[in-house]
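Asks: Sharing a structure with you now.
There are 4 protein chains.
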Amino acid sequence: MKRLIAKTAMTCAVLMLVIGSAGVQAQIAKNVAARSPWGPDDEIGTLNMMNDASRLKVLRQVTGGKVYDLAVDLFVGMPLCCTPFGDPSFQIWMTHTPARDSASELLSYSGDAISMYTHSGTHLDTLNHFGLHGEIWNKVSADDALGVRGWTKSGADKYPPIVARGVLIDVAGSKNVAYLPASYAITVADLQAALRKQGTTLRPGDVVLTRTGSMTHWPDVAKFRLADQPGLSLEAAQWLVEKQKAMLLGADNFGVESFPSKDPKNFVPVHTYLFAERGVSLLEAMWLEELAKDRVYEFLFIASPLKMRGATASPIRPLAISIQR
Amino acid sequence: MKRLIAKTAMTCAVLMLVIGSAGVQAQIAKNVAARSPWGPDDEIGTLNMMNDASRLKVLRQVTGGKVYDLAVDLFVGMPLCCTPFGDPSFQIWMTHTPARDSASELLSYSGDAISMYTHSGTHLDTLNHFGLHGEIWNKVSADDALGVRGWTKSGADKYPPIVARGVLIDVAGSKNVAYLPASYAITVADLQAALRKQGTTLRPGDVVLTRTGSMTHWPDVAKFRLADQPGLSLEAAQWLVEKQKAMLLGADNFGVESFPSKDPKNFVPVHTYLFAERGVSLLEAMWLEELAKDRVYEFLFIASPLKMRGATASPIRPLAISIQR
Amino acid sequence: MKRLIAKTAMTCAVLMLVIGSAGVQAQIAKNVAARSPWGPDDEIGTLNMMNDASRLKVLRQVTGGKVYDLAVDLFVGMPLCCTPFGDPSFQIWMTHTPARDSASELLSYSGDAISMYTHSGTHLDTLNHFGLHGEIWNKVSADDALGVRGWTKSGADKYPPIVARGVLIDVAGSKNVAYLPASYAITVADLQAALRKQGTTLRPGDVVLTRTGSMTHWPDVAKFRLADQPGLSLEAAQWLVEKQKAMLLGADNFGVESFPSKDPKNFVPVHTYLFAERGVSLLEAMWLEELAKDRVYEFLFIASPLKMRGATASPIRPLAISIQR
Amino acid sequence: MKRLIAKTAMTCAVLMLVIGSAGVQAQIAKNVAARSPWGPDDEIGTLNMMNDASRLKVLRQVTGGKVYDLAVDLFVGMPLCCTPFGDPSFQIWMTHTPARDSASELLSYSGDAISMYTHSGTHLDTLNHFGLHGEIWNKVSADDALGVRGWTKSGADKYPPIVARGVLIDVAGSKNVAYLPASYAITVADLQAALRKQGTTLRPGDVVLTRTGSMTHWPDVAKFRLADQPGLSLEAAQWLVEKQKAMLLGADNFGVESFPSKDPKNFVPVHTYLFAERGVSLLEAMWLEELAKDRVYEFLFIASPLKMRGATASPIRPLAISIQR
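Encoded structure:
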């Protein structure tokens, strides 16, 4: 289909105006992993935009000491994106407990262990999560860098702590709805309208968090589900990263993008475009309710992925602290 | 023995001077869980010292944009405190990988899962990790609050993000050694000498990180081990929390305190004193090497435990950013 | 059973006034854990009926060398009873794989690990799985015998290998249906009719396997589910163990008994009656299709639970070999 | 074997010049995966020797009803072959427990889950566990048959239940020692001497279990370890499968063969020879103590690997019942 559309575009540009979504997607996504502009050793893509100066700048803008907690709880029975794909559920269990009648014993010892899909709860997706035609970001192939325990490239262990300017775009709020309709694909115009209402300006290097209102369903497992979540369209994602130079995208849903995909060959077209073609990582299942309620649209954003070697994601507990507008 | 020593102390105070370590410990530790001064609902102890004003104060003192990463990697084969106690090792495994010959397929999908003892790598110990005579901090008993999946009180899910003034006490550096001797118990005088050399003043509410030099052995599993690690003596811990009003203690070893314990009935006397009697949590296996090398002794400290319900610990990736002295 | 009772009710309404559905159940189930007739140390209940003579007797009756495999596969995505109760799904993952281009390496090493609820696939339920009022079989209380890693009594490690006469009661076949209706509760009359048609006689010490036809849905996760499976009524279970002296009961569904339970205080009344009151263990998710097709109703039954210390169940792969009728 | 070769060397030094230890091994092992004589679809190798007639024959020879249990317990802290290779330890944990004060509640519900390396405790190794130059038994390559969750060929799910004549060769007993010396490599002469003493004759299709006495160390984790266990030499393995036509080999140690391997390029030369070249599976960590004590050298052997899809091994609990000699 790519070739067909390419030809059509060349000989009949007018038609493109009416081809719509699928055609536009083909134009945006090249469906080939890109080389990094940060050199052949780059594994983190746009996170290279961060530096001491950018961090100090936003740290100096802090206006208050209130910390917004942008993460959800992790618990047995919590909503999960990916158990339908065979991934394990979140488990926590005890490995040490005080004896039943422990009043007579000095020490009351408790310990516990966990098991989880790395993409559980609020988390960061790393660039090795999805590639195209066997290659992830920076044209790294599985033959080069995929071992039995994971990738040796672009895993969570390679990620720096994230300290940057964060921006909330409250699309649900802008539309005066509790949550966007199922499968709604957020457009560029939606983002622009929300930013305008908020009086927010995007800047290069921003962490841009989109609010769909999906978290108003949390933790109802029947309602908070990947299958038909509203989220970014490919065009909106492109606008944020190519035009606005966003460093990192996130949302209050499972996959940032709208589901289901319209591309029968790719159930996550925004993921592959961002990871493999643009080097942009993702933040998922973000708790943005307090930020929205308090209308805190610009903030110091801090998140520290756990350095699990090779991991395609890490659970995180990101923070936001309000800054000068 | 407690009663015996108490009597002895009353009738023969002189003897106390030579009774030494075990006697002193009995004086410091009452071996009974305490009620919280922050009320019957308190589950986080001294972390209540943090507030908007304290956070803003330290955020405003930031002097640079360089972020110190205070965590170690998590990987298969890493050093672990507790496999000898039956706790599971760190495991990561793939649940999705690109097909072996995936050049012909559009999507290259990778995913992974983990399993771990919650006290793995750099982590925060919560107050429910150890209690005394069946009660944890604030006199909460197992009968009241211990379910099959964990405690309903004082778990990691109840912990706020930590944003506070942090202080490094480089004891190994102060003594001009790469690392303290095996089982060395750091004294109050050791802490005072190091602080003097550094020109550092402790303030109420500080996160106090002690460097033993143990991380110079990381990740050698034969050398980086709990069994005979140097660490805080009970007296030093007491001085930090009772005299200096430290909010949170941490170290670059597995258990903060010196091992093995001299108390045959309690293999973790500093843990129980801090958790159950003083409401002070712990930070373990902290990576302090860069801070020490750069002589950054005072800093903005940020750590966000994952909100795993009931958990007795959470892996964390804490950050430090230098502040005005 | 509902219909049967309805008919009885119509012709004999008076009796119903004093019995009723709940009343009948109350008569059978005392709802108190019983002491074992095999002594205070007994942990396996009716499996004590097996001895060298009973085993040799059935071994000598073998008539052929064809082995019937009574177990289902274990795989990622398989139907599971208990994920709705928070139990983990079946997981298998690789810990060693040959390198991607391994033709040049001598050794091609593969290894894997699993994680599962012990009640997954074809399995044996042990007597500690359910108790009554805090006591399991033989009046063992949690205070006496429940540690953090499980019970010290009546776990799978205490179970002998099972070598006994087995009998299939093909209730679905007897009724000429592929499978019994959802939630159907098999009656004593159903069992008697099927036995009569088959020409099968039950003997004390038998392993009695009831076929509901549920496995014709396997492995459709939407259809093979605990929630409304047909299975034994309490009366039928009582008849088998009290009147027929069956040693062990099993079925081709998740819980042997009919679901949902009619008792609002007990979602598994047949389990508690059998485990805690009668000392009878259970075999679940048995594959009986080939036995039924070949009309093999009497057989040498062999099953070996894994001796996992304390476990409330063990996956098994039972065998059947035809014997003289 | 070292002594034997030393003697041979002394009396016949010339021969040694052209054979040597590596030379002998090279002659036996071709180091190339073989095609199965049972056809291109074969995944189980020599287990094809079993059929209805072979099973009935041994079933009819049973002389008693005493069942020998050939498996060890599975428990937290048990000896494990492979934690040094990064494989997970055996874990069992509770997912349901009765409430602490459950006397007032009708139902006392316990459940548990496990996690383990498939090669834990007494287990069967399948043919996909080790291959040569990227190919397992029957020249199946990873490109053909290795997915993320395991091999689609020769996994435990493809294995039939094993019902066959079993033979114990008590080498330790024959030498009148409690256990063979560390790393001792059992020779053909050792096997022949033990068989002679026992009066046992091997027959084609036998399951041959060799006793080294290693289980006298069980469960001492310091002593029962893979690193230097005594076991079969390659010559002895060859003699059993090529000359005696054994169907399946097993032993009371972790890897059946002697460790460490003398081949620097192959730490498991007997495994690769048996799996990839001869299609012979292995039984490991077998409990043979009672059989040896009772001098039961010939028996009905029954083992049922769990049908875990793709698995390179399955825990088993094999049984032995004495037969006519």
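Chains as they are written, first to last, in the working numbering: chain A, 2 to 326; chain B, 2 to 326; chain C, 2 to 326; chain D, 2 to 326.
All C-beta atoms in this analysis are idealised placements derived from N, C-alpha and C, irrespective of residue type, glycine included.
In this text the structure is predicted, and so the values were computed from the model without any measurement.
1. Cβ of Asp-221/D less than 8 Å from any chain B Cβ?
2. Give the range of the beta strand (DSSP E) segment to which Asp-171/A is assigned.
3. What residues in the segment 85-97 of chain A bring their beta carbon closer than 9 Å to a beta carbon of chain D?
4. Helix, strand or coil for Gly-78/D, going by three-state DSSP, please let me know.
5. From Val-297/C to Leu-169/C, what distance separates their C-alpha atoms?
6. With 8 Å as the C-beta to C-beta threshold (strictly closer), list the residues of the segment 53-69 of chain C near chain D in chain order.
7. Can a CB atom of chain D be found closer than 8 Å to the CB of Ile-115/C?
8. Report yes or no: is there a C-beta of chain B within less than 8 Å of the C-beta of Asp-144/D?
9. By DSSP, does Thr-12/D sit in helix, in strand, or in coil?
10. Excluding the five sequence neighbours on either side, which residues of its own chain have a C-beta within less than 8 Å of the C-beta of Pro-89/C, listed in chain order?
11. Return no unless some Cβ of chain D is closer than 8 Å to the Cβ of Arg-101/A.
12. Which of helix, strand or coil does DSSP assign to Thr-47/B?
13. Please confirm if Arg-279/D has its CB atom under 8 Å from at least one CB of chain C.
14. What does Leu-301/A touch in chain C if you count any residue whose Cβ is under 7 Å from its own?
15. According to DSSP, simplified to helix, strand and coil, what is Thr-211/B?
16. Using DSSP with H/G/I as helix, E/B as strand and the rest coil, what is Ala-23/A?
17. Start and end of the alpha helix (DSSP H) containing Pro-270/C?
18. Can you tell me the Cα-Cα spacing of Thr-47/C and Ala-100/B, whole angstroms?
19. Indicate whether at least one CB of chain D lies closer than 8 Å to the CB of Gly-151/C.
20. Under a CB-based cut-off of 8 Å, is Gly-206/D close to chain E?
21. From Phe-300/C, His-272/C and Ser-121/C, pick the residue whose C-alpha is nearest to that of Gln-239/C; which is it?
22. What number of angstroms, rounded off, separates the C-alpha of Thr-64/D from the C-alpha of Val-178/D?
23. For a contact defined as C-beta to C-beta under 7 Å, what are the partners of Tyr-110/C on chain D?
24. The alpha helix (DSSP H) with Leu-192/A in it runs from where to where?
25. Helix, strand or coil for Asp-88/D? Go by DSSP, reduced to three states.
26. Leaving out the 5 sequence neighbours to the left and right, which residues in its chain are closer than 7 Å to Thr-217/D when beta-carbon positions are compared?
27. Tell me whether Asp-102/A is buried or exposed, calling it buried when 16 or more other Cβ atoms sit within 10 Å of its Cβ.
28. Which residue comes first and which comes last in the alpha helix (DSSP H) that contains Ala-183/B?
29. Is Ala-146/D helix, strand or coil by DSSP?
30. Flag this pair as yes or no: are the beta carbons of Ala-183/B and Pro-220/B separated by less than 8 Å?
31. Please report how far the alpha carbon of Tyr-110/D lies from the alpha carbon of Arg-318/D, in whole angstroms.
32. Taking Cβ positions only, does Val-77/A come closer than 8 Å to chain C?
33. If you draw a straight line from the alpha carbon of Ala-304/D to that of Thr-98/D, how long is it in whole angstroms?
34. Going by the DSSP bridge assignment, what does Pro-316/B pair with across the sheet?
35. Starting from the C-beta of Met-95/C, find all residues in its chain whose C-beta is less than 6 Å away, skip the five residues before and the five after it, and write them out in chain order.
36. Do you know offhand how far Lys-58/B's Cα is from Pro-41/B's?
Replies: Inspection of the coordinates gives the following:
1. no
2. Note, Asp-171/A: beta strand (DSSP E), 163-171.
3. Gly-87, Gln-92, Trp-94, Met-95 and Thr-96
4. coil
5. 8 Å
6. Asp-53, Ala-54, Ser-55, Arg-56, Leu-57, Lys-58, Leu-60, Arg-61, Val-63, Gly-65, Gly-66, Lys-67 and Val-68
7. Ile-115/C counts as touching chain D.
8. yes
9. Confidence in Thr-12/D is poor, its pLDDT being 34 and thus under 50, which makes the residue's placement unreliable; the coordinate value appears in the next sentence. Helix at Thr-12/D.
10. Ser-116, Met-117 and Tyr-118
11. With 8 Å as the cut-off, Arg-101/A counts as an interface residue toward chain D.
12. helix
13. no
14. Residues of chain C passing the Cβ test: none, with the nearest at roughly 37 Å.
15. strand
16. For Ala-23/A, the predicted model reports a pLDDT of 44, less than 50, meaning its position is unreliable; a value from the coordinates is still stated below. DSSP places Ala-23/A in helix when its eight states are reduced to three.
17. 270-273
18. 51 Å
19. yes
20. Checking the listed chains, one finds no chain E in this structure; the protein chains it contains are A, B, C and D.
21. His-272/C
22. 30 Å
23. Phe-131
24. Looking at the DSSP string, the run of the alpha helix (DSSP H) that includes Leu-192/A is 189-199.
25. coil
26. Ala-179 and Tyr-180
27. exposed
28. Counting along the chain, Ala-183/B falls outside any alpha helix (DSSP H), and DSSP gives it neither H nor E.
29. helix
30. no
31. 27 Å
32. Residue contact with chain C for Val-77/A: present (Cβ-Cβ distance below 8 Å to some residue of chain C).
33. 32 Å
34. His-124/B
35. Cβ neighbours of Met-95/C beyond the five flanking positions: Asp-113.
36. 29 Å
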